[in-house]
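Count the sequence shown with my numbering and you get residues -9 to 138, in order.
Below: one structure, written as structure tokens.
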Amino acid sequence: MDTNFYITARSSKFPLDYAHSREDAAALLARHRDRHPDAVVESTNAYFERTRAETLASFPLSRITQRFYDAMLGVLPPQYIKGVAGFFLSEAATQNIHAQFIVHGGCTYGGYADLARESRKIWTIADVLELESRAGARTLTFDWFPGD
């Protein structure tokens, strides 16, 4: 049973508040609803599961440019896991989610991977092949990355 709660709102990137009981959460929710009408109470477990899923969905396995791959290789020390394709950024995006980058068949790929033991999802060459087999697979570009 959850005994810790976040007060969150879609209109806010971060939780608005934290409570140790349902009663405290209800009181805090009432206080935050004036400024954030979309505020809700979420258990800490529900919050972390939701944000984990949102983060993974924000950068699914995608073909990327060689230039972006090279930049990511040099931005932080790469981390390798024996027997796993590619490398990971050493700094997590959030929780245990790290960007993973792979080279296969002359193309470069990237996406968020979940390295947590209980929910592990690491990209494989089979995932790359499945991505390339889909009609309309294209190279992902980023508005924030110069030259892409």
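Positions of the beta carbon are idealized from the N, C-alpha and C atoms, including for glycine.
In the three-state scheme derived from DSSP, where H, G and I count as helix and E and B as strand, Ile115 is classed as helix.
When the Cα atoms are used, Ile(-3) and Leu19 turn out to be separated by approximately 6 Å. Judged by DSSP secondary structure, Thr34 falls within the alpha helix (DSSP H) whose first and last residues are Thr34 to Ser48. For Ala9 against Phe(-5), the beta-carbon gap comes to about 5 Å, under 8 Å, which counts as contact. In summary, Gln90 is buried, with 16 or more beta-carbon neighbours lying within 10 Å of its beta-carbon over all protein chains present. For Ala83, the CB contacts under 7 Å within the same chain, skipping 5 residues up- and downstream, are Thr45, Ala89 and Tyr102 in chain order. Taking the Cβ atoms as the reference, Arg53 lies roughly 35 Å from Ala(-1), outside the contact range of under 8 Å. No residue range can be given for Val74, since it is assigned to no alpha helix (DSSP H) and is classified by DSSP as neither H nor E.
The beta carbon of Pro50 sits closer than 6 Å to the beta carbons of Gly101 from its chain, once the five residues preceding and following it are set aside; these are given in chain order. Distances from the alpha-carbon of Asp60 to those of Tyr99, Lys111 and Leu119 put Tyr99 closest.
Taking the C-beta atoms as reference points, Ile87 is found no nearer than 9 Å to Val118.
For the pair Thr34 and Ser11, the CB atoms are not nearer than the 9 Å cut-off. Taking the C-beta atoms as reference points, Val31 is found no nearer than 9 Å to Ala43.
The criterion of a C-beta distance shorter than 9 Å is not satisfied by Thr55 and Thr114.
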